[in-house]
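Read left to right, the sequence shown gives residues 3 to 303 (the working numbering). Where a beta carbon is used, it is the ideal one built from N, C-alpha and C, also for glycine. Notes follow once the structure below has been shown.
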Amino acid sequence: MTDAALSLQSEADQRAIAAIRRKNAVWRRILRDPPAAAAAIFLIIVLLAAITAPWIAPYDPYTNNMRLRFCPPLGERCPGFLLGADNQGRDMLSRILFGLRATLGMGVIAVGVGGGLGALIGLSAAYFRRLDTPLMRLVDVLLSFPSILFGLAIAAVLGTGLTSLVIALSVAAVPSIARIARGAAQSIMQQEYMEAGRAVGLGDAALIWRYLARNCWPTILIYMTLQLGQAILLGAALSFLGLGAQPPTAELGSMAADGRKFLQIAPRVSTLPCAAIFLIVLAFNVLGDALRDALDPKLRQ
Numbered sequence: 003m004t005d006a007a008l009s010l011q012s013e014a015d016q017r018a019i020a021a022i023r024r025k026n027a028v029w030r031r032i033l034r035d036p037p038a039a040a041a042a043i044f045l046i047i048v049l050l051a052a053i054t055a056p057w058i059a060p061y062d063p064y065t066n067n068m069r070l071r072f073c074p075p076l077g078e079r080c081p082g083f084l085l086g087a088d089n090q091g092r093d094m095l096s097r098i099l100f101g102l103r104a105t106l107g108m109g110v111i112a113v114g115v116g117g118g119l120g121a122l123i124g125l126s127a128a129y130f131r132r133l134d135t136p137l138m139r140l141v142d143v144l145l146s147f148p149s150i151l152f153g154l155a156i157a158a159v160l161g162t163g164l165t166s167l168v169i170a171l172s173v174a175a176v177p178s179i180a181r182i183a184r185g186a187a188q189s190i191m192q193q194e195y196m197e198a199g200r201a202v203g204l205g206d207a208a209l210i211w212r213y214l215a216r217n218c219w220p221t222i223l224i225y226m227t228l229q230l231g232q233a234i235l236l237g238a239a240l241s242f243l244g245l246g247a248q249p250p251t252a253e254l255g256s257m258a259a260d261g262r263k264f265l266q267i268a269p270r271v272s273t274l275p276c277a278a279i280f281l282i283v284l285a286f287n288v289l290g291d292a293l294r295d296a297l298d299p300k301l302r303q
């Protein structure tokens, strides 16, 4: 590698490190905000509960006992059921823990896959000028359709289930992240080291990977974390409509749908999963607002 190329690599590395440090400073500002810190701690606890659900769940979430049907929390018939039993006599706490696992899992996978594809589209549109117009028009077409229509269309083609739901959520995550990636990449494309890199003969792959992607990924990653709340809410809504996880699979949206038939006699069967969805999405929104305020210099002033 020539001295000029080494100099460009060093400059790009320094800019990438500086970008990471700025993002770390942003997180420190967020943690000094009590509501944002509480939201972050809550999400960490929820994530740990979802990961360790097979070990901390007190009972098998799929073992039913009709004699314990609608047993109240810590009732005489089921003293070990902290949240009571559902319409099939299954422990509600165990099912919510496994429901968190399924709901968060599909959200993370969908945002990871859709975000990766959206980032690729955005970076390609910013770097290859001839692809900018067709790629962005494709993104505009995707943005023109409500996300729930993707779920309906994909369910009609692939059938209901978690796989179809993850595909629908992944497609829904692509356009917004593609726009964010394109905006971040366009500012990097104006830097002098990008032009200098072309001048010393670096190929497109080297420029995109070493300079463009490395300097854009912190912004893209932060926005992908903000998309998790929307993906989880959309996934729960589609499952509530019967397009996602099917009974007896423990998933918060399908559990809420299954329990709505018994709102008058046992409202907790439906309200507990709904409350879990509400708190998770609220925490993501609070954290997202704090992140937006920390990233916007005008709002910080």
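What's the C-alpha gap between L137 and P81?
59 angstroms
Suppose contacts are defined by Cβ-Cβ distances below 7 angstroms. Is I210 in contact with Y129 by that definition?
yes
Going by Cα to Cα distance, which pick from S241, L122, S166 is closest to A186?
L122
Distance between P220 and L230 (C-alpha atoms, nearest Å):
16 angstroms
Separation of R212 from R262, as counted between CA atoms
52 angstroms
Hey, how far is the Cα of T135 from the Cα of M191?
17 angstroms
Rounded straight-line distance, which links the Cα of G161 to that of S96
28 angstroms
If you run the structure through DSSP and keep just helix, strand and coil, what is A252?
coil
Report the residue from E78, L140, T273, M94 whose alpha carbon sits nearest the alpha carbon of A59.
M94
Closest Cα partner of P63 within the set F100, N89, N217, I279:
F100
I'd like the span of the alpha helix (DSSP H) that includes C218, first residue to last.
216-242
Please classify A40: does DSSP put it in a helix, a strand, or coil?
helix
Output the distance between the C-alpha atoms of F242 and I224, rounded to the nearest integer angstrom.
28 angstroms
Same chain, Cβ closer than 6 angstroms to F72, five either side skipped, listed in chain order:
A268
Just how far apart, CA to CA, sit L125 and G118?
11 angstroms
How would you call Q266, buried or exposed, if buried means at least 16 neighbouring beta carbons within 10 angstroms?
exposed
Roughly how many whole angstroms lie between the Cα atoms of R34 and V159?
47 angstroms
Suppose only complete runs of 4+ residues qualify. What are the alpha helix (DSSP H) ranges in the segment 91-130, listed by chain order?
94-129
Along the chain, where does the alpha helix (DSSP H) containing R184 start, and where does it finish?
164-191
Who are the near neighbours of F44 in its chain, counting only those whose CB is closer than 6 angstroms to its CB and skipping five residues on each side?
A285
Out of A252, L171, D291, state which residue places its alpha-carbon closest to the alpha-carbon of P275.
A252
Report the option in I32, A180, Q248 whose CA atom is closest to the CA atom of G114.
A180
Own chain, CB closer than 6 angstroms to I222, minus 5 neighbours either side, in chain order:
A121, A183
Is it right to say L289 is buried, meaning 16 or more other beta carbons lie within 10 angstroms of its own, or is it exposed?
buried
Nearest residue (CA-CA) to A155, options D142, L171, V141
L171
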